[in-house]
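The sequence shown finishes on residue 162 if you use numbering that gives the first Met the number 0, and the numbering steps up by one all the way, no holes.
Just so it is clear, CB atoms sit at the ideal spot from N, CA and C, and this is done for glycine as well.
On a predicted model such as this, the values are computed, not experimentally measured, just so you know.
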Amino acid sequence: MKSAGAPAHPHSDSGFTRARRDFRAWRRTRPFWAGLLVLLAAAPIIYFPYFNLSLGALSVAMSTTAGAGSLVIGLTLIVLGGLLWFQPIIRFFAGCVAVFLGVLSLPISNFGGFFVGTLLAATGGLLALAWGPVDGDGHAEGIPDGTEEPSAAAIRAGGQGSE
């Protein structure tokens with residue numbers, strides 16, 4: 000039996016369904032994909048300067064003198080990705096720093112992890128800059144929903160907006 004707003008079996012959801020729904024709600028309140036891309040950008044930036052490839056008796060070492068710089072950039076990107084997830088209020092700062100570090104990794108870390116780390120850091124940073132919080136109605140804050148009065152320019156032109 001079902002009342003006006005309550006389901007018949009309020010606890011019929013499995014634990015996985017509830018966890019997935021809770022994760023989705025958590026993910027939508029923060030720049031999740033931006034943080035994920037910034038976290039993923041750290042992997043090639045850290046990995047390639049310390050990479051050793053053995054082809055039979057031939058050993059190819061990608062180690063450079065900039066290994067410490069690559070490690071610092073990569074660890075900073077990991078911290079920024081975590082901050083984007085757990086402190087979304089600093090998204091503008093974290094996004095700017097992620098883009099800066101992605102570009103900075105080009106000369107320091109084997110072309111930014113062979114451009115993969117640079118592209119991931121820049122994309123994640125720009126997504127963080129573009130993300131905005133959503134209020135309870137599902138509208139982004141600061142974005143008009145079309146229910147406002149006509150602009151002053153439309154009134155001066157003699158029109159009342161789009162008719």
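*Buried versus exposed, by CB contacts within 10 Å (16 or more), residue 53*: The count along the sequence shown starts at 1 and reaches residue 53 at position 54. When all chains shown are included, residue 53 counts as exposed.
*Taking Cβ positions, are residue 79 and residue 93 nearer each other than 8 Å?*
Mapped onto the sequence shown, residue 79 falls at position 80. Mapped onto the sequence shown, residue 93 falls at position 94. Going by C-beta atoms, residue 79 is nearer than 8 Å to residue 93.
*Could you pull out every residue in the same chain whose Cβ sits closer than 7 Å to the Cβ of residue 119, ignoring the five residues on either side in sequence?*
As a working mapping, residue 119 is identified with position 120 in the sequence shown. For residue 119, where only same-chain residues beyond five positions count, the Cβ hits under 7 Å are 36, 39 and 40.
*Using three-state DSSP, classify residue 69 as helix, strand or coil.*
As a working mapping, residue 69 is identified with position 70 in the sequence shown. Correct three-state label for residue 69: helix.
_Beta-carbon proximity list for residue 84, same chain, < 7 Å, skipping 5 on both sides_ = In the sequence shown, residue 84 corresponds to position 85, counting from 1. Same-chain partners within the cutoff: 29, 31 and 34.
*Which one of 26, 18, 129 and 17 has the shortest CA to CA distance from residue 81?*
Sequence index remark: in the sequence shown, residue 81 carries index 82 (1-based). Comparing Cα positions, the closest option is 26.
*Which term fits residue 13, buried or exposed, when burial requires 16 or more other beta carbons within 10 angstroms of its beta carbon?*
For this step, residue 13 is matched to residue 14 along the sequence shown. It is exposed - the Cβ of residue 13 has fewer than 16 other Cβ atoms within 10 Å.
*Please report the residue range of the alpha helix (DSSP H) in which residue 104 lies.*
By 1-based counting over the sequence shown, the position of residue 104 is 105. 90-107 is the extent of the alpha helix (DSSP H) around residue 104.
*Taking Cβ to Cβ, would you say residue 169 is nearer than 8 Å to residue 112?*
Here the chain has residues from 0 to 162 only, and residue 169 is not among them.
*Using CA coordinates, which residue listed in 133, 129, 124 and 105 is at the minimum distance from residue 43?*
As a working note, residue 43 is residue 44 in the sequence shown. Nearest C-alpha to residue 43: 105.
*Using the beta-carbon count (16 or more within 10 Å), is residue 58 buried or exposed?*
What you label residue 58 is simply residue 59 of the sequence shown in a count that begins at 1. By the neighbour-count rule (16 or more Cβ atoms within 10 Å), residue 58 is not buried but exposed.
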